[in-house]
Amino acid sequence: MREMRTEEVYNKIDEHVKKAGEYYIIANKNAEKGLYLTAQIQTGAAKAWIEMALDTLEHIPNPIERKALEETYRRLLSNINMDLERLTKLVKERYL
Numbered sequence: 007m008r009e010m011r012t013e014e015v016y017n018k019i020d021e022h023v024k025k026a027g028e029y030y031i032i033a034n035k036n037a038e039k040g041l042y043l044t045a046q047i048q049t050g051a052a053k054a055w056i057e058m059a060l061d062t063l064e065h066i067p068n069p070i071e072r073k074a075l076e077e078t079y080r081r082l083l084s085n086i087n088m089d090l091e092r093l094t095k096l097v098k099e100r101y102l
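Using our numbering, the first residue of the sequence shown is number 7, and each one after it goes up by one.
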């Protein structure tokens, strides 16, 4: 990846996290409606956006800040993975 200015890095991370949030909110609404397969796909998209944010963290020059953000996003990723497991189970029960 090319060298990015600090401002670019933060903007890119912010963009990734916002996209993840959008997908995650829609996924939860669809899960509430019983649209588990759709919710599973959207949750997977949210996971991918958080993973992209994590990949971009390597460009943050301050190691303390980078570590704090990484811990936060890893916890979020863990929660998303738990939701994916739950949705996978619901999809299997409904469709298989």
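Backbone N, C-alpha and C define an ideal beta-carbon position, used for all residues, glycine too. Note that the structure is a prediction, hence the values are computed from the model and not measured.
- Taking 8 Å as the upper bound for CB-CB distance, T62 and V15 are in contact here, some 6 Å apart.
- In the pairwise beta carbon analysis, the segment 32-39 is classified as not touching the segment 63-73: fewer than three pairs are separated by under 8 Å.
- Within 10 angstroms of the beta-carbon of L82 lie 16 or more other beta-carbons, which makes it buried.
- Taken through DSSP and simplified to helix, strand or coil, M88 comes out as helix.
- If you look at H22, you'll find it in the alpha helix (DSSP H) that goes T12 to E38.
- The C-beta distance from K25 to W55 rounds to 4 Å, short enough to fall under 8 Å.
- For D89, the closest alpha carbon among the candidates V23, G27, R11 and N34 is that of N34.
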